[in-house]
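In order, the protein sequences belong to chains A and B. Take the first sequence: its letters are residues 1 to 317, numbered as in the working numbering. Take the second sequence: its letters are residues 1 to 297, numbered as in the working numbering. Every residue gets a Cβ at the ideal spot worked out from N, C-alpha and C, and that includes glycine. Shown next, in structure tokens, is the structure this report addresses.
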Amino acid sequence: MDAYLGIDVGSISTKGVVITKNNHVIAQAYLRTQGKPVQAIKELIKNLQMQTNNTKIIGAGTTGSARRLAGVMIGADVVKNEIIAHALASSYFHPDVKTIIEIGGQDSKIILLRDGIPIDFAMNNVCAAGTGSFLEHQATRLGIPIEQFGNYALQAKTGVTIAGRCTVFAESDMVHKAQLGISTEDIIRGLCDAIVRNYLNTVAKGKNIQPLILFQGGVAANIGVKTAFERALNEQVILPEHFLVMGAIGAAILAQEYVSENKTTKFAGFRTADIKFITKAFECKDCPNSCEVIETFREGQIIDRYGDRCGKWSENT
Amino acid sequence: MKIGIPRALFYFRYGRFWQQFFNHLGIETVVSPKTNKDLLDIGLKKVSSEICLPIKIVCGHLEWLKDKVDTIFLPRIVELNHGLYSCPKMIGIVDIARMQVGNQCQILSPKIKNNFIFAHFLLGLNLTKNPYKARKALNKALPYLNNHKTNVFDNHKPKILLLSHFYNLEDDFIGQDIKAAFIENGFAITTKEVLDQTILNSANGFAKNIQWIYERELYNAFHYNLTKVDGVCDIISFGCGPDSLVGEIMNQHANQNKVPFLQLIIDEHTSKTGLVTRIEAFSEIIKRKTYTTDLHK
């Protein structure tokens with residue numbers, strides 16, 4: 001069977017899917033990037049290979065903050081940003097979608113669609129308060145597994161106000177409220193409300209949020225945040241079936257678009273998992289701009305170089 | 001006498017005029033090099049962290065100039081065209097410069113308040129004590145006040161209006177990555193610098209409410225181009241008060257007219273990766289939009 005591979009490498013997690021030409025998901029994997037994207041991508045590929053025995057990958061796409069690295073490693077046909085990937089996947093599964101709320105490990109975005117086409121978007125600009133890594137940190141601090149964090153918010157009797165503008169202040173506020181004797185459940189609900197407030201005020205500010213509203217990305221797994229969104233927006237917020245891997249599905253759909261036009265794939269095959277990749281960075285000292293140049297090596301051979309302003313390194317690969 | 005001109009802020013509009021003017025007065029000028037990371041890092045250490053990126057950059061240029069010249073030229077542009085004001089940080093930059101490098105060199109800062117040309121004549125007179133020479137130098141330099149930029153449009157490409165102050169966009173250190181990303185995504189770029197001053201300073205419609213010189217230019221350029229381009233990208237330096245207000249107005253007007261609008265906020269922490277992601281997504285939105293409107297025709 002012919003299939004398409006999509007990979008989404010984010011700051012916190014690495015996601016991958018294999019889909020058929022009808023966009024049916026036949027394999028998916030979600031694992032932690034843990035600061036080692038090369039390792040994570042290899043494991044992901046191994047994992048997906050085990051799930052898909054009789055399929056032939058005829059197109060591959062990557063997205064996420066490490067899309068470029070993932071793209072060179074697996075030989076992707078398309079390397080696209082996560083906004084378009086999320087928009088495409090969402091409008092396939094929910095053709096009526098008008099708003100996508102996506103909160104990941106370190107960024108959050110809003111995408112507006114009309115008639116299935118993305119028309120506007122915004123990403124958090126100078127601050128990442130209220131994204132996944134902060135929630136995770138708070139869960140660890142309170143000794144609650146992140147998977148159950150949202151359920152605590154649902155058991156709250158009342159909400160308390162937590163300052164959501166800055167994570168450091170939010171944490172001081174949580175500590176202070178706990179010292180006043182307020183229950184953990186109420187504080188967690190307060191935190192979920194603060195995250196939603198911060199998102200609506202800084203990321204989604206001024207945007208026309210209309211139903212159907214989809215909520216995806218890692219934080220969507222937190223039922224507390226989902227209900228906080230519903231309270232704030234007074235609308236139903238829907239979690240798509242594959243909310244964790246929507247970006248990866250989008251990348252696979254993009255690969256499919258590409259292959260149907262170009263009839264060929266650059267995909268290097270699942271053997272990527274066994275090849276040795278090294279990434280290095282150095283600061284070029286040839287001019288005062290001191291660009292940080294990133295290099296990727298496959299078995300000792302340089303395959304990609306970028307990060308220079310003038311292009312003299314990136315052009316020579 | 002050797003006069004230093006920082007290649008920052010006003011330089012990107014008046015720099016050629018000033019160089020010609022001083023040269024015809026017989027005064028040697030030194031212009032600091034193009035902004036680079038070193039200059040920025042020096043500036044960062046000298047100035048309040050709350051201030052906007054272009055001011056941080058100019059402070060780096062002052063530092064570079066201070067031991068190479070005896071005088072730094074930095075005019076205090078307060079008001080132009082009656083009722084149009086400069087931003088407070090630009091009015092105050094002279095005082096920042098005095099605090100920073102004032103004990104190492106002179107700061108030459110004529111105050112310009114609705115008298116741009118006459119203020120320069122007085123400056124020339126002061127420097128040479130010769131009214132004839134001052135007037136001659138001014139006349140020779142005046143043609144360089146006009147913009148000489150023109151658009152080269154490839155009609156097959158979608159057009160994007162890059163909106164930002166000249167001291168952001170014309171400074172390659174800030175503007176180059178953004179321009180390059182749009183060109184790479186297949187766009188033809190236009191900016192407000194190619195427009196005539198009569199369009200930029202027009203007080204018609206909403207623009208009459210805006211009393212900051214350069215904000216009015218932004219709004220007028222936006223309004224003029226709204227029906228001529230496929231998308232608008234507004235580039236704001238973090239902490240710019242006037243930009244945050246006018247940017248929001250333009251955003252709303254663009255939405256009403258269904259023109260895709262992207263706002264990029266920049267400061268010294270801005271990463272190229274973040275900019276490229278946003279520009280790539282924005283480009284895709286414009287292209288997919290054109291594609292479907294064509295389908296419905």
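Going along chain A, which residues have a C-beta under 7 Å from B/P88? Position 88 of the second sequence, counting from 1, holds the residue named residue 88 of chain B. Neighbourhood of B/P88 in chain A, by CB distance below 7 Å: empty, with the nearest CB roughly 22 Å away.
Distance between beta carbons of B/L62 and B/V30, contact taken as under 8 Å: Taking the second sequence and counting its residues from 1, one reaches residue 30 of chain B at position 30. Taking the second sequence and counting its residues from 1, one reaches residue 62 of chain B at position 62. Their Cβ separation, rounded to whole angstroms, is 12 Å, which puts B/V30 and B/L62 out of contact at 8 Å.
Report the partner residues of A/I19 according to the DSSP bridge assignment. Stepping through the first sequence from its first residue, residue 19 of chain A is reached at position 19. Bridge partners of A/I19: A/Y4, A/V25.
Taking Cβ positions, are B/V229 and B/K159 nearer each other than 8 Å? Translated into positions along the second sequence, residue 229 of chain B becomes position 229. Translated into positions along the second sequence, residue 159 of chain B becomes position 159. Contact: yes.
Measure from the C-beta of B/K297 to each C-beta in chain A and report whether the shortest distance is under 8 Å. The sequence position of residue 297 of chain B within the second sequence is 297, counting from 1. Note on B/K297: pLDDT 34, under 50, position unreliable in the model; no value is reported.
Mind pulling the chain A residues with CB within less than 8 Å of B/N36? Indexing the second sequence from 1 puts residue 36 of chain B at position 36. Chain A residues near B/N36: C287, P288, N289.
Return the residue from the list A/G104, A/Q51, A/D2, A/F93 that minimises the CA-CA distance to A/D8. Working through the first sequence from its first residue, we reach residue 8 of chain A at position 8. That would be A/G104, whose Cα lies nearest to the Cα of A/D8.
Short of 9 Å Cβ to Cβ, which residues in the segment 259–272 of chain B face chain A? Against chain A - using a Cβ distance shorter than 9 Å - the residues of the segment 259–272 of chain B are P260, F261, L262, Q263, L264, I265, D267, H269, T270, K272.
Measure the beta-carbon distance from A/G218 to A/G150 and round it to whole angstroms, keeping in mind my assumption that it falls under 8 Å. Within the first sequence, residue 218 of chain A is the residue found at index 218, counting from 1. Within the first sequence, residue 150 of chain A is the residue found at index 150, counting from 1. That belief does not hold up - the Cβ atoms of A/G218 and A/G150 are roughly 12 Å apart, past 8 Å.
For my contact list, A/G75 and A/K266 are in at a C-beta cut-off of 8 Å; report their separation, rounded to the angstrom. In the first sequence, residue 75 of chain A corresponds to position 75, counting from 1. In the first sequence, residue 266 of chain A corresponds to position 266, counting from 1. Sure, about 4 Å apart at Cβ, within 8 Å.
Within the same chain, show all residues whose beta-carbon is closer than 8 Å to that of B/K297, passing over the 5 residues directly before and after it, in chain order. By one-based count along the second sequence, residue 297 of chain B stands at place 297. Note on B/K297: pLDDT 34, under 50, position unreliable in the model; the coordinate value appears next. For B/K297, where only same-chain residues beyond five positions count, there are no Cβ hits under 8 Å.
Would you kindly work out how many angstroms separate the C-alpha atoms of A/N318 and A/A255, rounded to a whole number? Residue 318 of chain A lies beyond the stretch modelled for chain A, which goes from 1 to 317, so this question has no answer here.
Below 8 Å on the Cβ atoms is my guess for A/L48 versus A/A29; work out the distance and round it to an integer in Å. For the purposes of this step, residue 48 of chain A is taken as residue 48 along the first sequence, with counting starting at 1. For the purposes of this step, residue 29 of chain A is taken as residue 29 along the first sequence, with counting starting at 1. In this structure, A/L48 and A/A29 form a Cβ contact; the two beta carbons are roughly 6 Å apart against a cut-off of 8 Å.
Using only the alpha-carbon positions, how far apart do B/V276 and B/D177 sit? Position 276 of the second sequence holds residue 276 of chain B. Position 177 of the second sequence holds residue 177 of chain B. Roughly 8 Å between the two C-alpha positions.
Kindly list the residues whose CB is nearer than 6 Å to the CB of A/F297, restricted to its own chain and excluding five residues on each side of it in sequence; keep chain order. Residue 297 of chain A sits at position 297 when you count from the first residue of the first sequence. Listed in chain order, the non-local C-beta contacts of A/F297 below 6 Å within the same chain comprise I278, local neighbours out to five positions each way being set aside.
Short Cβ contact (8 Å threshold) for B/A8 with B/I57: Position 8 of the second sequence, counted from the start, is the residue given in the question as residue 8 of chain B. Position 57 of the second sequence, counted from the start, is the residue given in the question as residue 57 of chain B. Against a cut-off of 8 Å, the Cβ pair of B/I57 and B/A8 comes out as a contact.
First and last residue of the uninterrupted beta strand (DSSP E) at A/Q216: Translated into positions along the first sequence, residue 216 of chain A becomes position 216. Run containing A/Q216: 213–216, per the beta strand (DSSP E) assignment.
Short CB-CB distance (under 8 Å) between A/I117 and chain B: By 1-based counting over the first sequence, the position of residue 117 of chain A is 117. A/I117 has a beta carbon lying within less than 8 Å of a beta carbon in chain B.
When the Cα of B/F182 is compared with those of B/L39, B/A207, B/A281, which residue comes out closest? Against the second sequence, residue 182 of chain B aligns to sequence position 182. Of the listed residues, the one whose Cα sits closest to B/F182 is B/A281.
I need the straight-line Cα distance from A/D107 to B/H156, nearest angstrom please. Position 107 of the first sequence, counted from the first residue, corresponds to residue 107 of chain A. Position 156 of the second sequence, counted from the first residue, corresponds to residue 156 of chain B. Rounded to whole angstroms, A/D107 and B/H156 show a C-alpha spacing of 35 Å.
Please report the distance separating the alpha-carbon of A/A3 from that of B/Q256. Locating residue 3 of chain A in the first sequence gives position 3, where the first residue counts as 1. Locating residue 256 of chain B in the second sequence gives position 256, where the first residue counts as 1. The straight-line gap from Cα to Cα measures roughly 42 Å.
Taking the beta strand (DSSP E) that A/N123 belongs to, which residues open and close that run? Looking up residue 123 of chain A in the first sequence gives position 123. Per the sequence shown, the amino acid found at residue 123 of chain A is Met instead of Asn. Start and end: 117–123.
Which whole-angstrom value describes the C-beta separation of A/T33 and A/G10, a residue pair presumed to lie in contact below a C-beta threshold of 8 Å? On the first sequence, residue 33 of chain A is found 33 positions in, with the first residue counted as 1. On the first sequence, residue 10 of chain A is found 10 positions in, with the first residue counted as 1. Indeed they touch by this definition, with Cβ atoms about 7 Å apart.
If we count Cβ pairs, one from each stretch, closer than 8 Å, do we get three or more for the segment 243–254 of chain B versus the segment 210–230 of chain B? They touch, by the three-pair rule.
I'd like to know if B/K289 contacts chain A, where contact means its C-beta is closer than 8 Å to some C-beta of that chain. Mapped onto the second sequence, residue 289 of chain B falls at position 289. With a threshold of 8 Å between beta carbons, B/K289 makes contact with chain A.
Determine, using beta carbons only, whether A/T99 and A/I213 come nearer to each other than 8 Å. As a first step, residue 99 of chain A is located in the first sequence; it is residue number 99 there, counting from the start. As a first step, residue 213 of chain A is located in the first sequence; it is residue number 213 there, counting from the start. Between A/T99 and A/I213, the C-beta gap is smaller than 8 Å, which places the two residues in contact.
Assuming B/I72 contacts B/L123 under a Cβ cut-off of 8 Å, what Cβ separation, rounded to an integer in Å, is found between them? For this step, residue 72 of chain B is matched to residue 72 along the second sequence. For this step, residue 123 of chain B is matched to residue 123 along the second sequence. Between the beta-carbon of B/I72 and that of B/L123 there is about 14 Å, and that puts the pair past the 8 Å contact cut.
Between the alpha carbons of A/Q138 and A/T167, how many angstroms are there, rounded? As a first step, residue 138 of chain A is located in the first sequence; it is residue number 138 there, counting from the start. As a first step, residue 167 of chain A is located in the first sequence; it is residue number 167 there, counting from the start. Take the alpha-carbon of A/Q138 and the one of A/T167: they are about 10 Å apart.
For A/T63, collect the residues of the same chain with a Cβ closer than 6 Å to its Cβ; drop the 5 residues on either side in sequence, then sort them by chain order. If you number the first sequence from 1, residue 63 of chain A lands on position 63. Excluding the 5 residues flanking it on each side, A/T63 has same chain C-beta neighbours closer than 6 Å at D8, K80, E82, A85, G247, A251, in chain order.
Output the distance between the C-alpha atoms of B/L295 and B/R288, rounded to the nearest integer angstrom. Residue 295 of chain B sits at position 295 when you count from the first residue of the second sequence. Residue 288 of chain B sits at position 288 when you count from the first residue of the second sequence. Confidence in B/L295 is poor, its pLDDT being 42 and thus under 50, which makes the residue's placement unreliable; the coordinate value appears in the next sentence. So the alpha carbons of these two residues sit roughly 11 Å apart.
Tell me B/Y85's beta-bridge partners as DSSP assigns them. By 1-based counting over the second sequence, the position of residue 85 of chain B is 85. Under DSSP, B/Y85 takes part in a beta bridge, and its partners are B/E79, B/W212.
Whole-number beta carbon distance between A/V160 and A/I195, since they are thought to touch under 8 Å: The residue you call residue 195 of chain A lines up with position 195 of the first sequence. The residue you call residue 160 of chain A lines up with position 160 of the first sequence. The Cβ separation is near 14 Å, so there is no contact.
Can you check the segment 56–119 of chain A for any beta strand (DSSP E) of at least 3 residues that lies completely inside it and give the ranges in chain order? Counting only runs of 3+ residues, the beta strand (DSSP E) found wholly inside the segment 56–119 of chain A occupies 56–63, 99–103, 108–114, in chain order.
Status (buried if at least 16 other CB within 10 Å, exposed otherwise) for B/A137: The count along the second sequence starts at 1 and reaches residue 137 of chain B at position 137. With 16 or more other Cβ atoms inside 10 Å of its own Cβ, B/A137 counts as buried.
If the cut is a Cβ gap below 9 Å, which residues of chain A does B/N251 touch? Position 251 of the second sequence, counting from 1, holds the residue named residue 251 of chain B. Within chain A, the residues G206 have their CB atoms less than 9 Å from the CB of B/N251, given in chain order.
Against chain B, with Cβ distances strictly below 8 Å, would A/H201 count as a contact? The count along the first sequence starts at 1 and reaches residue 201 of chain A at position 201. For the record, residue 201 of chain A in the displayed sequence is Asn; it is not His. False, the Cβ-Cβ gap to chain B never drops below 8 Å.
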